[in-house]
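2 protein chains.
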Amino acid sequence: MTRLPAGNPAAGPRPSRLAEWQAMGFAPQACPIRTILDQVAAKWTVLILLELHDGPKRFNALLRALPDISRRMLTQGLRDLEQNGLLRRTVFDTRPPAVEYALTALGESLMGPLLGLVDWATTHREAVFAAQRQYQDSQSD
Amino acid sequence: MTRLPAGNPAAGPRPSRLAEWQAMGFAPQACPIRTILDQVAAKWTVLILLELHDGPKRFNALLRALPDISRRMLTQGLRDLEQNGLLRRTVFDTRPPAVEYALTALGESLMGPLLGLVDWATTHREAVFAAQRQYQDSQSD
DNA sequence: GTAATCAAGTCTCAGATAGAGACCTTGTGC
DNA sequence: GCACAAGGTCTCTATCTGAGACTTGATTAC
């Protein structure tokens with residue numbers, strides 16, 4: 598157990614995913630995968646997508662479904678998702694005007710991986726809580 | 598196309614995932630799945646996990662692999678992941694002391710869903726970029 | 001005619017958070 | 001005793017988040 602990894606770039610089985618991306622010509626700062634993951638991994642966007650997975654919803658319905666989101670953050674999350682083609686915003690010409698948000702096909706295609714993550718969280722939440730408790734205990738030594 | 602969704606909670610095929618969680622007794626503010634997803638979905642943690650998936654690494658090696666992370670954020674991300682039981686921090690009694698970070702079994706178990714998300718991003722990045730361009734165009738009308 | 005209401009936002013401001021980078025600690029080589 | 005290396009911490013500023021007041025434009029209420 599005394600052997601230290603040398604940090605030699607030629608040592609590992611793979612040169613790391615980030616290095617691969619760099620080899621593909623992506624600067625790490627501009628890596629499109631990172632951009633997209635940042636979007637997808639943002640605090641509220643996941644929850645908005647999960648809500649819309651149950652069917653199209655209107656602005657205030659989303660506000661009610663996500664009781665602890667502010668109007669501002671909901672607007673911003675919806676704009677981000679619309680901008681990335683994950684949902685479609687439809688304005689109905691009623692009085693007063695109604696706005697409906699619905700997943701696009703691209704948005705639907707994301708739900709598989711996203712629900713995979715949600716399932717992981719559901720399955721392993723007890724393990725995570727146990728680890729948290731253990732960490733607290735180890736800190737109070 | 599004039600029919601507006603009524604927002605009737607009894608109308609949908611499912612009462613929404615969030616509503617299900619509420620029915621299970623989770624206040625939305627304290628929903629453990631949300632807590633865990635927030636952790637897992639934080640900006641840097643995903644990238645740290647991906648780097649460690651290639652094998653254990655030391656602090657400065659991670660710093661080199663993620664050129665645009667600051668020391669402070671790396672420290673914080675590593676502490677968060679350790680606290681949630683996703684990685685293990687090992688101090689070697691050398692001079693100067695070396696610290697190695699490695700995924701735990703729990704961390705490894707997360708890689709499947711996480712790589713699913715990365716694959717989605719890789720597969721659909723062109724579609725996302727196309728949507729972004731289209732959105733820009735539609736805004737400049 | 002004026003006021004209140006509703007949907008779907010926008011605006012402002014305070015407080016929390018992220019990032020840059022200087023500094024710290026312990027030990028070795030020169 | 002000076003510089004350097006590892007693995008951080010500390011401080012300061014800039015950005016972002018969230019609460020909630022305000023907007024807009026048409027409809028009904030008085």
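If you read the protein sequences in the order shown, they are chains A and B.
Anchor point for the first sequence: position 30 equals 627 in my numbering, and the numbering is continuous, going up by one each time.
Anchor point for the second sequence: position 41 equals 638 in my numbering, and the numbering is continuous, going up by one each time.
We put the beta carbon where it would ideally sit given N, CA and C, even for glycine.
Because the structure is a prediction, the values reported are computed rather than measured.
Since B/Phe689 sits in a beta bridge, which residues does DSSP pair it with?
B/Ala695
Who are A/Lys640's beta bridge partners in DSSP?
In the DSSP output, where bridge partners are listed per residue, A/Lys640 has none listed.
Consider the Cβ of B/Ile633: report whether some Cβ of chain A lies at a distance smaller than 8 Å.
True, the Cβ-Cβ gap to chain A drops below 8 Å.
B/Tyr698 at chain A interface by Cβ criterion, 8 Å:
no
With H, G and I counted as helix, E and B as strand and the rest as coil, what does DSSP make of A/Leu663?
In the three-state reduction of the DSSP assignment, A/Leu663 falls in the coil class, being assigned neither a helical nor a strand state.
Out of A/Thr720, A/Arg722, A/Glu723, A/Pro710, state which residue places its alpha-carbon closest to the alpha-carbon of A/Ala638.
A/Pro710
Assuming A/Ile645 contacts A/Gly682 under a Cβ cut-off of 8 Å, what Cβ separation, rounded to an integer in Å, is found between them?
About 14 Å separates the two Cβ atoms, so there is no contact after all.
Where do the ends of the alpha helix (DSSP H) carrying A/Asp677 lie?
668-680 is the span of the alpha helix (DSSP H), which, as asked, contains A/Asp677.
So what's A/Leu714 in DSSP terms, helix, strand or just coil?
Looking at A/Leu714 - three-state DSSP - the assignment turns out to be helix.
Beta-carbon within less than 7 Å of A/Gln703's beta-carbon, same chain only, minus the 5 sequence neighbours each way: which residues are those?
According to the sequence shown, residue 703 of chain A is Leu rather than Gln. Taking A/Leu703 as the centre and dropping the five residues before and after it, the same chain places the C-beta of Gly682, Leu683 closer than 7 Å to its C-beta, in chain order.
Integer-rounded CB distance, given that A/Leu700 should sit under 8 Å from A/Leu649:
5 Å
So, B/Ile630 versus A/Ala718, is the Cβ gap smaller than 8 Å?
yes
Between which residues of its own chain and B/Gln636 is the CB-CB distance below 7 Å, once the five residues before and five after are set aside?
Thr642, Asp677, Asn681
Which residues in chain B have a C-beta closer than 9 Å to the C-beta of A/Val725? List them in chain order.
Within chain B, the residues placing a beta-carbon under 9 Å from that of A/Val725 are Pro629, Thr632, Ile633, Gln636, Asn681, Gly682, Leu683, Leu703, ordered along the chain.
List the residues that DSSP assigns as beta-bridge partners of B/Arg655.
B/Glu697
Proximal residues of chain A, C-beta to C-beta of B/Thr706 below 9 Å:
The residue you asked about is not Thr; residue 706 of chain B is Ser in the sequence shown. By Cβ distance, chain A contributes Trp717, Thr720, His721, Ala724.
Name, please, each residue of chain B whose Cβ falls closer than 7 Å to the Cβ of A/Gly713.
Those are Pro710, Gly713, listed as they occur along chain B.
Run through DSSP, which three-state label would B/Leu683 get?
In this structure, DSSP gives B/Leu683 a state outside helix and strand, which the three-state scheme calls coil.
Check this for me: beta carbons of A/Ala695 and A/Arg722, under 8 Å apart or not?
no
Looking at A/Pro653 and A/Glu705, is the spacing between their C-beta atoms short of 8 Å?
no
From the DSSP output, in three-state form, read off B/Ser706 for me.
helix
Give the DSSP-derived three-state secondary structure of B/Ser735 in the structure shown.
helix
Kindly indicate which residue of B/Arg692, B/Asp716, B/Asp665, B/Leu707 has the alpha-carbon position closest to the one of A/Ala724.
Checking every option, the nearest Cα to that of A/Ala724 belongs to B/Leu707.
Assuming contact is defined by CB atoms lying nearer than 8 Å, are B/Arg669 and B/Glu679 in contact in what I supplied?
no
How many Å lie between A/Val715 and B/Leu663 at the Cα?
26 Å
Check each residue of the segment 640-653 of chain B: if its Cβ is closer than 8 Å to any Cβ of chain A, include it; give the result in chain order.
Lys640, Val643, Leu644, Leu647, Glu648, His650, Asp651, Gly652, Pro653
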